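*Asks:* Residue numbers (my numbering): 1035 to 1270.
(1) Got a sec, what are the start and stop residues for the alpha helix (DSSP H) residue 1225 sits in?
(2) Who are the Cβ neighbours of residue 1141 in its own chain at under 7 Å, not counting the five residues just before and after it?
(3) Please confirm if the stretch 1199-1208 is in contact with the stretch 1094-1106, defined as three or more CB-CB distances below 8 Å between the two stretches.
(4) Can you say whether residue 1126 is buried or exposed, counting buried as having 16 or more other CB atoms within 10 angstroms of its CB?
(5) Along the beta strand (DSSP E) that carries residue 1106, what are the first and last residues, could you check?
(6) Is it right to say residue 1096 is buried, meaning 16 or more other beta carbons lie within 10 angstroms of its own, or is it exposed?
(7) Quick one: what's got a C-beta closer than 6 Å to residue 1107's C-beta in the same chain, skipping five residues either side?
(8) Taking the straight line between their C-alpha atoms, what separation do you get for residue 1244 and residue 1258?
(9) To which residues of the same chain is residue 1158 closer than 6 Å at the C-beta, ignoring the five residues directly before and after it?
(10) Determine the DSSP secondary structure at residue 1096, reduced to helix, strand or coil.
(11) Using CA atoms only, rank isn't needed, just tell me which of 1067, 1237, 1080, 1123 is closest to residue 1094.
This is the structure in structure tokens:
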């Protein structure tokens, strides 16, 4: 009898008008939660190239980790960007949900949107008055330009493109204050092993190097490998 009364009240539209609203949690904003969901892309250049074929760099930055990639380019076109983003997808083995770009660039075009659609990637353009939306790639652009300009001062202008990898290493090794880590650490789960870490290795690394030099077995058993992998993933 009691249950019948409850069911009747729940189905009564007149009763619902006087029913107090049930408390509910505040809606949380939908946002990115892991790497490679959203990429920001932009061209940087042109660079002085009297004897070189490359004039631009397509910079690609993962919004979540701030990790950057760069592709020296002959031209500044939507077709060129499509080729490099497809190359990025094939190398990384993953497909981003969205590619974000500045509406003032050639990446605002219908051609680029359609070509990205062929890859199953949605395109978004930053509002014309909102530079914050693409600031992550603009910061990378400035770092790339700064490093290559310094190289330009020391060498011939034709020699800038072999140093793109050096500029990218600086981008990915930098400490991002609000994240507390470098982009490299977020993506790979460990510190970038550079000249300094090689000159002053940590204790575990010294032990591993010694074992390698002595010809000892350094490959873990399946169980050890499982535990090491779990510990590594837990720190990502």
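Every residue, glycine too, gets a C-beta built ideally from N, C-alpha and C. Note that the coordinates shown come from a computational prediction; the quantities given were computed from them, not determined experimentally.
*Replies:* Quick answer:
(1) Taken as a continuous stretch (DSSP letters only), residue 1225 belongs to no alpha helix (DSSP H), as it is neither H nor E.
(2) 1075, 1112, 1115, 1135
(3) yes
(4) exposed
(5) 1102-1107
(6) buried
(7) 1090, 1092, 1114
(8) 20 Å
(9) 1132, 1134
(10) strand
(11) 1123
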